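Heads up, the sequence shown is in the numbering used here, so the first residue is 910 and it goes up one at a time. All C-beta atoms, glycine included, are put in the ideal place defined by N, C-alpha and C. Computed from a prediction, not measured in an experiment: that's the story for all the values here. Heads up: the structure comes next, in structure tokens.
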Amino acid sequence: MSDPKVVRQLSYSAALQAVPEIANSQHIMAESAAASTTNMDAILKELLAIRSSISSLEHTVSTNTMEVQGLRNEVVKFQINMQSTDARLSAVENLIDKIPDNSQDIEYLQQKVIELEDRSRRNNLRIIGLPEQIEKDNILDFLTTFLPTLTKITFSQPLDFQRAHRVRSRGITSSTRHRHVLACCLHYQQARQIIMAAKKHGPYEYDSSQIIITADFSAPTNFKRKQFLNLRTRLKKREIKYGLLEPATMIVTFQGKTKEYFDPHDLESFLNDLDDKDTEMEHKSTSNTDIIEPTPSISAEDTDQGEWIPVQRQWTHGGKFKAWKKNHPRDKSRSPIKP
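Quick look at the structure:
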């Protein structure tokens, strides 16, 4: 059996040996606790920072969400505007497609208006060169007696006018030339008689003044007639027969064919084509003309090699040419121009 004293002594010794280890472990535990506390503080700080970042992100996301919602509303408005724009664009395209037809209709209506205006002027006479104040106070009575005497026309019934007055034309002033007189005949046949007689007679002489009587046309028709008349010189130069019909139609007879021109530009294009053809023919005739050198003063008797005959110019590599050639093949060395 063991002695109790010995056992107690051994236990006490073991306990003394274990005290430093316990103290060391307590120190380690204390250090661990302090480190854990420090780590917890750092973790708490990091968590607080993360929470702050999350709050900031939530605010940013909320702001972005509002902006996205605003953009969505703008996109919706843009889509609505685009639909409206597409509809308006389609309407405009439809109108543009109708422009050619509308242009043709407008041109047709303009021509009809001009035609109606010319028809409304059929009974009118335009008297050019009649001195001022010669009619005194009553121009109708004056014209009733003046025109039959001037034109020497015997009317089947008395000449009668609906109205008459003077008009100021472009470029005419009272100090330079007399104003034109426009007179509207009551009967169309009488107006045509006077106009045809004036065309046949030409300008009349009255009281040292030259008087011209013509038909009255609208401004566009007068302008077209003037354009046709400006082409008379070119037609006469080519000896082309022509005639200007009322209101504004030029009849041209060329190479046995007669054609009517209603637009002066068409007639001008026809004359320009003729000029171009003439220029082309002149150019071809000039380029194909043979250049003949004078005959050399060497006779057949002197050479006994035959006559000299002209030939078409032949170019050589040196830039010179042969303008003559002998009809005898052995006399090539005696050509007047050496290659």
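- For ALA1157, no alpha helix (DSSP H) segment is defined, and its DSSP state is neither H nor E.
- If you look at HIS1110, you'll find it in the alpha helix (DSSP H) that goes 1097 to 1110.
- Spanning the alpha carbons of PRO1173 and PHE987 requires a straight line of approximately 54 Å.
- Sixteen is the threshold: when 16 or more other Cβ atoms of the shown chains lie within 10 Å of the Cβ of LYS1133, as they do, the residue is buried.
- The alpha-carbon of THR1158 is positioned some 6 Å away from that of TYR1170.
- When the alpha-carbon of HIS1089 is set against those of HIS1074, LYS1061, HIS1096 and LEU1095, the nearest one is in HIS1074.
- Our two residues, LYS1166 and GLU1191, have alpha carbons roughly 25 Å apart in a direct line.
- In the DSSP assignment, ASN1033 falls within the unbroken beta strand (DSSP E) covering 1033 to 1037.
- Taking C-beta atoms under 8 Å as the contact rule, ILE1104 and LEU1059 fail to qualify, at a distance of about 13 Å.
- With fewer than three CB-CB distances shorter than 8 Å, the region 983 to 1000 does not count as touching the region 1087 to 1102.
- Contact fails between the region 1015 to 1029 and the region 1063 to 1074, because fewer than three Cβ pairs, one in each stretch, are under 8 Å apart.
- With fewer than 16 other Cβ atoms from the protein chains shown falling within 10 Å of its own Cβ, ARG960 counts as exposed.
- Across the structure, LEU1039 and LYS1109 are spaced so that their CA atoms are roughly 19 Å apart.
- SER1078 and ASP1125 have their C-alpha atoms some 13 Å from each other.
- GLU1114 has GLN1119 as its beta-bridge partners, per DSSP.
- Under DSSP, LEU957 shares a beta bridge with no residue.
- Counting along the chain, PHE1070 sits inside the beta strand (DSSP E) bounded by residues 1070 to 1076.
- In this structure, DSSP gives PHE1051 a helical state, which the three-state scheme calls helix.
- CA-CA distance, SER999 to GLY979, rounds to 30 Å.
- In this structure, the CA atom of ARG1143 is about 10 Å from the CA atom of ASP1184.
- TYR1170 has MET1159 as its beta-bridge partners, per DSSP.
- According to the DSSP assignment, LEU1144 belongs to the alpha helix (DSSP H) that extends over 1141 to 1146.
- Apart from sequence neighbours up to five positions away, no residue of its chain approaches GLU967 with a beta-carbon distance below 6 Å.
- ARG1030 sits close to SER1127, with the two beta carbons spaced by under 8 Å.
- The beta carbons of LEU1095 and GLN1071 sit about 5 Å from each other, so the pair counts as a contact at 8 Å.
- When the alpha-carbon of ILE1122 is set against those of LYS954, SER945 and LEU1091, the nearest one is in LEU1091.
- The beta carbon of THR1053 sits closer than 6 Å to those of LEU1068, all from its chain and outside the five residues before and after it, given in chain order.
- For ILE1048, the CB contacts under 6 Å within the same chain, skipping 5 residues up- and downstream, are ALA1073 in chain order.
- Burial of ILE1036 is indicated by the presence of at least 16 other C-beta atoms within 10 angstroms of its C-beta.
- Beta-bridge annotation (DSSP): LYS1193 is not paired with any residue.
- In the three-state reduction of the DSSP assignment, HIS968 falls in the helix class, which pools H, G and I.
- When the five nearest sequence neighbours on each side are left out, the beta carbons in the same chain lying within less than 8 Å of the beta carbon of THR1063 are those of PRO1057, in order along the chain.
- LEU1180 and ARG1141 have their C-alpha atoms spaced approximately 11 Å apart.
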